[in-house]
Amino acid sequence: MNASIITELGNAAAFQSRSVETPQPKKDDVLIKVLFCGVNHLDVLIRQGKRPGPKIFPHVLGSEIVGKIDGETVCVYPWTFCGKCKQCREGNENICDHGGTLGRTQWGGYAEYVAVPAKNIVKLPKGIDPIEAASILLAGTTAYHLIKRAGVKPKSTVLVTGATGGVGTVVLQLLKNFKCRIICATSHPEKKVKLQSMGIENVVSTKSLVEDVHSLFPQGIEYAIDIVGGTIWSKALEALAKKGTLVFCSTSRDEPGIVPIAKAFNRELTILGSYGGTIKDMESILTLVSQKVIVPIVDSVFPLSEAQKAHERIENQAVFGKILLQTT
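One point on numbering: in the numbering used here, the residue at position 57 of the sequence shown is 57, and numbering is uninterrupted.
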């Protein structure tokens, strides 16, 4: 089969388009003919060696997979899970005690075929194009879980950082469906224009985030959803009102986030981590897409052989929405 592989960790030039042996499904696995695979910032971090990743090479990245089994189009839940531990029994497959991530702990979807656990398969709902599904499986599931973890209430005031990526554009649509007052932070003028085209009136600068938010909402905001991490994390925390909630899902920036402890406890702030999402979360976001409540935003689609270009586009922070690889 054809695959876009890496033989070592490094920059985007590490990708090679090569013919490799088609994976053989293990017990309880199924073989999928890949149609589309989403490209995530996590893939970039794994390839750079900034996140735990493969120890054996060559390796195939990619966790956001839509493909066919015996002619039927299916979606793949991106996180592997045992189904037996306490977390799995309680429906928290995303934090399984023995779990992993497709494309990180085993070969993923940057290939014509991929073998995955049968229990990770979810049928593609009617009314969804495969390209829409591939752009929503990890990013949309993560976005849905973020909102659920935070307990965002309708008509709340919410700050979103990293709003222009695959996760962020879904978060915005979910919040708009809740009729929330949304503030987005960005340092890119062209992304500000695109956010405004989505109906986001309040777009502030990441450099002056706290001051800009307080000029709009002097008492602070009720929720902050941080998809970036790093130093912006502490700024988002400072922008909160008393009793406010910060939920975060990423540490994608290299710089460390500093927690202003005094400002957190004396205002009784809530800080929540959020990791991926559950199978039910993925099914819920797919249902919202089928109902046209959520419309996936696709930035660009690259052929499988151009994984390097796809990764470089993410590294250059040029993305608005989701990047996909197409195998055919």
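Note that CB positions come from ideal geometry on N, CA and C, so glycine has one too.
*Taking only beta-carbon positions, decide if F248 is within less than 7 angstroms of chain C.*
The structure shown contains no chain C, having only a single protein chain.
*Taking just the CA atoms, how far does V114 sit from S290?*
V114 has its alpha-carbon roughly 25 angstroms from the corresponding atom of S290.
*Helix, strand or coil at Y113 [DSSP, three-state]*: Assignment of Y113 by DSSP, reduced to helix, strand and coil, places it in the strand class.
*asked:* Quick check: G168 and I227, are their CB atoms within less than 7 angstroms of each other?
replied: Yes, the Cβ-Cβ distance between G168 and I227 is below 7 angstroms.
*Which runs of the beta strand (DSSP E), 3 residues or longer, sit entirely within the segment 133-174?*
Listed in chain order, the complete beta strand (DSSP E) runs (minimum 3 residues) inside the segment 133-174 are 157-161.
*asked:* Comparing C-alpha positions only, which one of T73, K207, C180 and I182 sits nearest to P189?
replied: The shortest C-alpha separation from P189 is found at K207.
*Report yes if the CB atom of G38 is closer than 7 angstroms to the CB atom of S135, and no otherwise.*
In this structure, S135 lies closer than 7 angstroms to G38 by Cβ.
_CA nearest to the CA of L216, picked from I232, F36, T231 and A241_ = Answer by Cα proximity: A241.
*Just reading off the alpha helix (DSSP H) that R36 is part of, what are its end residues?*
Here the sequence assigns Phe to residue 36, which means Arg is not the residue at that position. From DSSP, F36 is part of no alpha helix (DSSP H) but of the beta strand (DSSP E) over D29 to V39.
*Run of the beta strand (DSSP E) containing R18, from where it starts to where it stops*: Looking at the DSSP string, the run of the beta strand (DSSP E) that includes R18 is F15 to S19.
*What does DSSP give as the partner residues of R89 in its beta bridges?*
By DSSP's assignment, R89 forms no beta bridge with any residue.
*Straight-line CA distance for K155 to H41?*
One C-alpha to the other measures close to 30 angstroms.
*Count the other C-beta atoms from every protein chain shown that fall within 10 angstroms of the C-beta of I56, then say buried if there are 16 or more, exposed otherwise.*
Taking all protein chains shown into account, I56 has fewer than 16 neighbouring C-beta atoms within 10 Å of its C-beta and is therefore exposed.
*asked:* I'd like to check one pair, T161 with A185: are the Cβ atoms closer than 7 angstroms?
replied: A contact, by the Cβ cut-off of 7 angstroms.
_I'd like to know whether the C-beta atoms of S274 and H145 end up nearer to each other than 7 angstroms._
Contact check for S274 against H145 passes: the beta carbons are separated by less than 7 angstroms.
*Please confirm whether N177 and V293 have their CB atoms less than 7 angstroms apart.*
It is a contact, given that the beta carbons lie within the stated cut-off.
_Judging by CA-CA distance, which residue of V34, G10, E312 and V247 is the nearest neighbour of L159?_
Of V34, G10, E312 and V247, the residue nearest in Cα terms is V247.
_What residue range does the alpha helix (DSSP H) around R313 cover?_
Segment A307 to E315, the alpha helix (DSSP H) holding R313.
*For the alpha helix (DSSP H) that contains F265, what are its first and last residues?*
Segment I261 to F265, the alpha helix (DSSP H) holding F265.
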